[in-house]
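Colleague: Chains as they are written, first to last, in our numbering: chain H, 1 to 254; chain X, 1 to 435. Yeah, the Cβ is synthetic: ideal placement off N, Cα and C, and Gly gets one too. This is the structure, below, for whatever I ask next.
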Amino acid sequence: MVIYRYRWPGRGLAVSLARLLCIAAGAACGLVAAQDMVTVDAGMASRVLACTACHGAEGRSTPLGYYPRIAGKPAGYLYNQLLSFRDGRRSYPQMAYLLEHLTDAYLEEMATYFAELEVPYPSPPLLEVPALTLERGRRLVQHGDAARGIPACVQCHGSAMTGVVPSVPGLLGLPRDYLNSQLGAWQTGQRRAMAPDCMARVARHLTPEDVSAVTGWLAVQPVPKGGEPARQFPGLLPWACGGIKGVQVQEGRP
Amino acid sequence: MMRPQCIKLLAALAILLLVATVAMLNWPTEPVLGSVREGDPSAVVQGTPVAALVVERGAYLARLGNCVGCHTAQGGAPYAGGRAVKTPFGMVYTSNLTSDPLMGIGAWSATEFWQALHNGRSKDGRLLYPAFPYTSYTWVTREDSDAIFAYLRSVPPVAQANQPHALRFPYDSQVALAAWRALFFRPQRWEDDVRRSVEWNRGAYLVRSLGHCAACHTPRNALGGSRERRTLGGGMIPGQDWYAPALNDPSQAGVQEWPEEEIVALLRTGSAPRGAVSGPMAEVVARSTQYLDEEDARAIAVYLRELPAHAPSVSSESVAPAQAMLQRGQAVYDRHCAQCHGGVGQGVAGAFPPLAGNRAVLLETPVNLIRVVLAGGFLPATVGNPRPHGMPPFLHVLSDEDVADVLTFVRNAWGNRAPAVGTIDVYRAREGRSP
Numbered sequence: 001m002v003i004y005r006y007r008w009p010g011r012g013l014a015v016s017l018a019r020l021l022c023i024a025a026g027a028a029c030g031l032v033a034a035q036d037m038v039t040v041d042a043g044m045a046s047r048v049l050a051c052t053a054c055h056g057a058e059g060r061s062t063p064l065g066y067y068p069r070i071a072g073k074p075a076g077y078l079y080n081q082l083l084s085f086r087d088g089r090r091s092y093p094q095m096a097y098l099l100e101h102l103t104d105a106y107l108e109e110m111a112t113y114f115a116e117l118e119v120p121y122p123s124p125p126l127l128e129v130p131a132l133t134l135e136r137g138r139r140l141v142q143h144g145d146a147a148r149g150i151p152a153c154v155q156c157h158g159s160a161m162t163g164v165v166p167s168v169p170g171l172l173g174l175p176r177d178y179l180n181s182q183l184g185a186w187q188t189g190q191r192r193a194m195a196p197d198c199m200a201r202v203a204r205h206l207t208p209e210d211v212s213a214v215t216g217w218l219a220v221q222p223v224p225k226g227g228e229p230a231r232q233f234p235g236l237l238p239w240a241c242g243g244i245k246g247v248q249v250q251e252g253r254p
Numbered sequence: 001m002m003r004p005q006c007i008k009l010l011a012a013l014a015i016l017l018l019v020a021t022v023a024m025l026n027w028p029t030e031p032v033l034g035s036v037r038e039g040d041p042s043a044v045v046q047g048t049p050v051a052a053l054v055v056e057r058g059a060y061l062a063r064l065g066n067c068v069g070c071h072t073a074q075g076g077a078p079y080a081g082g083r084a085v086k087t088p089f090g091m092v093y094t095s096n097l098t099s100d101p102l103m104g105i106g107a108w109s110a111t112e113f114w115q116a117l118h119n120g121r122s123k124d125g126r127l128l129y130p131a132f133p134y135t136s137y138t139w140v141t142r143e144d145s146d147a148i149f150a151y152l153r154s155v156p157p158v159a160q161a162n163q164p165h166a167l168r169f170p171y172d173s174q175v176a177l178a179a180w181r182a183l184f185f186r187p188q189r190w191e192d193d194v195r196r197s198v199e200w201n202r203g204a205y206l207v208r209s210l211g212h213c214a215a216c217h218t219p220r221n222a223l224g225g226s227r228e229r230r231t232l233g234g235g236m237i238p239g240q241d242w243y244a245p246a247l248n249d250p251s252q253a254g255v256q257e258w259p260e261e262e263i264v265a266l267l268r269t270g271s272a273p274r275g276a277v278s279g280p281m282a283e284v285v286a287r288s289t290q291y292l293d294e295e296d297a298r299a300i301a302v303y304l305r306e307l308p309a310h311a312p313s314v315s316s317e318s319v320a321p322a323q324a325m326l327q328r329g330q331a332v333y334d335r336h337c338a339q340c341h342g343g344v345g346q347g348v349a350g351a352f353p354p355l356a357g358n359r360a361v362l363l364e365t366p367v368n369l370i371r372v373v374l375a376g377g378f379l380p381a382t383v384g385n386p387r388p389h390g391m392p393p394f395l396h397v398l399s400d401e402d403v404a405d406v407l408t409f410v411r412n413a414w415g416n417r418a419p420a421v422g423t424i425d426v427y428r429a430r431e432g433r434s435p
């Protein structure tokens, strides 16, 4: 028997009705023993089981170590990603296939559902990253590299790197393989965002060594304060981003 | 020694050549006009209330034809074309139907549009590939064609150039197309069957013309022609590797025994007490049939219920699957499937389909089932079912053996009886190879 966290008050009645319907339809379920019964809630939990097979129960990432955690990510970010998978800005055939016939309204509801889940983060994995690499990663994340025109990650992803509501994701608590593959995808155009695509621009400034350093540092950081996204950016955004509306930017549109 | 496939191909080529010669000799110098009315019937004055009504009617009919489904690329502007349609003969890229005068059909006349629908010819007289289902659309009446055309004229222009098809020789030539048409296509004209009710006739018209149900549900021969004697008898969808179940067989997708309102519910919401849609049919419901008005949905239900039912094809007596396979399958089922589909395959009404006694589970070919397990899928979100449940993809969780075992178990548990699924079937599906 499966019990979800959120129980719909009318559940008992619904189950009785369902049983009646089953019997009326003469289906095999008239004979279902108690231990074989499945019940569902009226909310989102049972509707997003297709998501949690990969993204983990309640949107945590799985120990398999690739799929990103989605619980607690800002709703606007999740919604934009769902639209991007469905409409082809992000290239991942399994996601595109799943979302093909879902409406904007329903995708937004899913995004909000996962954004509101508060699930504790596990401790960061023990990865062996050389100290020099870690230091290079830390500097890029916190200060960028002005000489090469690379903004600091924290300028957009928040001073604690836990993201900024409603549209910028936190980058802590993610598998390093996932981070590497995303930066690679931004560089090759496999992953895109709404124009102007600021993240693609950042990624194309990074060398393979930069990518390795940044993801190495990010992947081993503990997640502060339950990973809650910040309410505001630490300062002006360095560049304009299509996915972030109504904020001031240091430079005009590129 | 020649492989049988080579012999088949050579034979097909020989026939094609022969037919091409015949077709060249009989090449019509003028398009077959059939029932074309003279003059341009889009004589309805633009901007009048009548014109607005015609456009509205056209928008509805275009949805019933699911024009937008093929003529829109992923994330692209509606009707701007560019979607790749995979066929056994290569890729066909759909065309721009927006009102753009150069890239779209903004410079077409209503008669030219009707020629495309009715006769499979483009504005310049070129023969069109039957991936555009003019073998069905040929039944569309001139009045409906004109309404759809009026609507397409109202679609904002998008300057997106058409992409040339990528078809293999000899399928890329107009001669091959002419030969194909000589074999498999005659322009048609719709006549109601006076012995039947108005409702039945309306349903028959929608199913056979705009609904183009036969494009998937009628089996095709090796050259992609419909096997007319098996109309709606079920078949593999060319290029998609999904099996479109038979509509004339109550053991497949026939609805002869369903109450009318359940058929209406399936068409308009994607979900009904005795079944739900998946794969290509989910697209059809999402983009087309959910918009059917009550009357038309009911007419289709009447027609489908009265389709003469054929006795289920007698399957070769299958050997009972090995006990060890069933046990392994049950272990996979208990771990990954029972949570939603229940300990005895009973499902949950309105959320997760039952597997016991489910026709989709018992189809002789397991291709659809394998696809569903590997790729998962949501029911389409429709006005009547806006927050559907979904099934996760298992392609990175289960091995080919796991999928074969669990499906064999599901097909032979709780009173189910269907042939075992082989690991090789799963492997082929995973690799995107035709079964």
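Which residues of chain X have a Cβ atom closer than 9 Å to the Cβ of H:S46, listed in chain order?
Modeller: Sequence index remark: in the first sequence, residue 46 of chain H carries index 46 (1-based). Ordered by position in chain X, the residues that pass the 9 Å Cβ test against H:S46 are C340, V348, A351, F352, H389.
Colleague: For X:A403, I'd like the list of residues in its chain whose CB is within less than 6 Å of its CB, leaving aside the five on either flank, ordered along the chain.
Modeller: Working through the second sequence from its first residue, we reach residue 403 of chain X at position 403. Residue identity check: residue 403 of chain X is Val in the sequence provided, not Ala. Counting only Cβ-Cβ distances below 6 Å, and skipping sequence neighbours, we find V373, V426.
Colleague: Closest Cβ-Cβ distance between X:V344 and chain H: below 8 Å?
Modeller: On the second sequence, residue 344 of chain X is found 344 positions in, with the first residue counted as 1. It does: the Cβ of X:V344 has a partner Cβ on chain H nearer than 8 Å.
Colleague: Secondary structure at X:G436, three-state DSSP: helix, strand or coil?
Modeller: Summary: the structure shown does not reach residue 436 of chain X, with chain X confined to residues 1 through 435, and so no result is reported for it.
Colleague: Is there a Cβ of chain X sitting closer than 8 Å to that of H:L183, yes or no?
Modeller: Residue 183 of chain H sits at position 183 when you count from the first residue of the first sequence. Judged by the 8 Å Cβ criterion, H:L183 is not in contact with chain X.
Colleague: Within 10 Å of its beta-carbon, does H:I70 have 16 or more other beta-carbons around it, so buried, or fewer, so exposed?
Modeller: Along the first sequence, one-based indexing puts residue 70 of chain H at 70. The residue in question, H:I70, is buried, as its Cβ has 16 or more Cβ neighbours within 10 Å.
Colleague: Could you pull out every unbroken beta strand (DSSP E) segment of at least 3 residues lying fully inside the stretch 130 to 173 of chain H, listed in chain order?
Modeller: DSSP runs (the beta strand (DSSP E)) wholly in the stretch 130 to 173 of chain H: none.
Colleague: Can you give the beta carbon distance from H:P175 to H:G65, rounded, assuming they're within the 8 Å contact cut?
Modeller: For the purposes of this step, residue 175 of chain H is taken as the residue at position 175 of the first sequence. For the purposes of this step, residue 65 of chain H is taken as the residue at position 65 of the first sequence. With a Cβ gap of about 5 Å, H:P175 and H:G65 count as contacting.
Colleague: Could you tell me whether the Cβ of X:V397 comes closer than 8 Å to any Cβ of chain H?
Modeller: Position 397 of the second sequence, counting from 1, holds the residue named residue 397 of chain X. At least one chain H Cβ lies under 8 Å of X:V397.
Colleague: Give the straight-line distance between the Cα atoms of X:S136 and X:P388, rounded to the nearest whole angstrom.
Modeller: If you number the second sequence from 1, residue 136 of chain X lands on position 136. If you number the second sequence from 1, residue 388 of chain X lands on position 388. Roughly 31 Å between the two C-alpha positions.
Colleague: Suppose you measure from the CA of X:F169 to the CA of X:V175; what does that come to, to the nearest Å?
Modeller: Within the second sequence, residue 169 of chain X is the residue found at index 169, counting from 1. Within the second sequence, residue 175 of chain X is the residue found at index 175, counting from 1. Answer to the nearest angstrom: the Cα atoms are 11 Å apart.
Colleague: For X:G357, collect the residues of the same chain with a Cβ closer than 8 Å to its Cβ; drop the 5 residues on either side in sequence, then sort them by chain order.
Modeller: In the second sequence, counting from the first residue as 1, residue 357 of chain X sits at position 357. Excluding sequence neighbours, X:G357 sits near W414, G415, N416.
Colleague: Between H:L13 and chain X, is the shortest Cβ-Cβ distance under 8 Å, so that the two count as touching?
Modeller: Taking the first residue of the first sequence as 1, we reach residue 13 of chain H at position 13. Any answer about H:L13 is weak, because its pLDDT of 44 lies below 50 and its placement is not dependable; what the coordinates show is given next. No - not a single Cβ of chain X is within 8 Å of the one on H:L13.
Colleague: For H:A27, which residues of its own chain have a beta-carbon under 8 Å away from its beta-carbon, when the five flanking residues on both sides are left out?
Modeller: Walking along the first sequence from the start, residue 27 of chain H turns up at place 27. Below a pLDDT of 50, predicted positions are generally treated as unreliable, and H:A27, at 39, falls in that range; the measurement from the model is reported next regardless. Counting only Cβ-Cβ distances below 8 Å, and skipping sequence neighbours, we find nothing.
Colleague: Here's the rule: buried if 16 or more other CB atoms are within 10 angstroms of the residue's CB, otherwise exposed. What is X:P392?
Modeller: Taking the second sequence and counting its residues from 1, one reaches residue 392 of chain X at position 392. When all chains shown are included, X:P392 counts as buried.
Colleague: Quick check on the DSSP output: what are the complete beta strand (DSSP E) runs of length 3 or more inside the stretch 82 to 164 of chain X, in order along the chain?
Modeller: Runs found: 84 to 87, 90 to 93.
Colleague: So if I threshold CB-CB distances at 8 Å, which residues from the stretch 78 to 110 of chain H count as touching chain X?
Modeller: So the close ones are R86, D87, G88, R89, Q94, A96, Y97, L98, L99, E100, H101, L102, T103, A105, Y106, E109.
Colleague: Ends of the alpha helix (DSSP H) at H:M95?
Modeller: Reading the first sequence from its first residue, position 95 is the one you call residue 95 of chain H. Per DSSP, H:M95 belongs to the alpha helix (DSSP H) from 93 to 99.
Colleague: Buried or exposed, going by whether 16 or more other CB atoms sit within 10 Å of the CB of X:H341?
Modeller: For the purposes of this step, residue 341 of chain X is taken as residue 341 along the second sequence, with counting starting at 1. Classification of X:H341: buried, given that the 10 Å Cβ count is 16 or more.
Colleague: Taking a Cβ distance cut-off of 7 Å, strictly less, list which residues of the stretch 361 to 393 of chain X are near chain H, in chain order.
Modeller: Within the stretch 361 to 393 of chain X, the qualifying residues are A375, G376, G377, F378, P380, A381, P386, R387, H389, G390, M391, P392, P393.
Colleague: Please check if any C-beta of chain X sits within less than 8 Å of the C-beta of H:A147.
Modeller: Taking the first sequence and counting its residues from 1, the one referred to as residue 147 of chain H is at position 147. No, because no Cβ of chain X sits closer than 8 Å to the Cβ of H:A147.
Colleague: Do X:L304 and X:I263 have their C-beta atoms within less than 8 Å of each other?
Modeller: Within the second sequence, residue 304 of chain X is the residue found at index 304, counting from 1. Within the second sequence, residue 263 of chain X is the residue found at index 263, counting from 1. A contact, by the Cβ cut-off of 8 Å.
Colleague: On a Cα-Cα basis, can you pick out the residue from H:P224, H:P238, H:L236, H:T207 that is closest to H:S123?
Modeller: Position 123 of the first sequence, counted from the start, is the residue given in the question as residue 123 of chain H. Taking only the C-alpha atoms, the option nearest H:S123 is H:P224.
Colleague: Pop quiz: X:I370 and X:A282 are said to be a contact at Cβ under 8 Å. What is the actual Cβ separation, rounded to whole angstroms?
Modeller: Residue mapping note: residue 370 of chain X aligns to position 370 of the second sequence, counting from 1. Residue mapping note: residue 282 of chain X aligns to position 282 of the second sequence, counting from 1. Not a contact, Cβ separation roughly 17 Å.
Colleague: In angstroms with no decimal places, state the Cα-to-Cα distance between X:T138 and X:P88.
Modeller: For the purposes of this step, residue 138 of chain X is taken as the residue at position 138 of the second sequence. For the purposes of this step, residue 88 of chain X is taken as the residue at position 88 of the second sequence. Distance between the alpha carbons of X:T138 and X:P88 is about 23 Å.
Colleague: By a C-beta neighbour count over all protein chains shown, 10 Å radius and 16 as the cutoff for buried, is H:L236 buried or exposed?
Modeller: Stepping through the first sequence from its first residue, residue 236 of chain H is reached at position 236. Exposed, because fewer than 16 other Cβ atoms sit within 10 Å of the Cβ of H:L236.
Colleague: For chain H, check one thing: does any of its Cβ atoms lie closer than 8 Å to the Cβ of X:Q74?
Modeller: Taking the second sequence and counting its residues from 1, one reaches residue 74 of chain X at position 74. Yes, contact with chain H.
Colleague: Indicate whether at least one CB of chain H lies closer than 8 Å to the CB of X:A286.
Modeller: By 1-based counting over the second sequence, the position of residue 286 of chain X is 286. Output row for X:A286: interface = yes.
Colleague: Please compile the residues from chain H whose C-beta is within a distance smaller than 9 Å of the C-beta of X:E283.
Modeller: Mapped onto the second sequence, residue 283 of chain X falls at position 283. Simply E100, H101.
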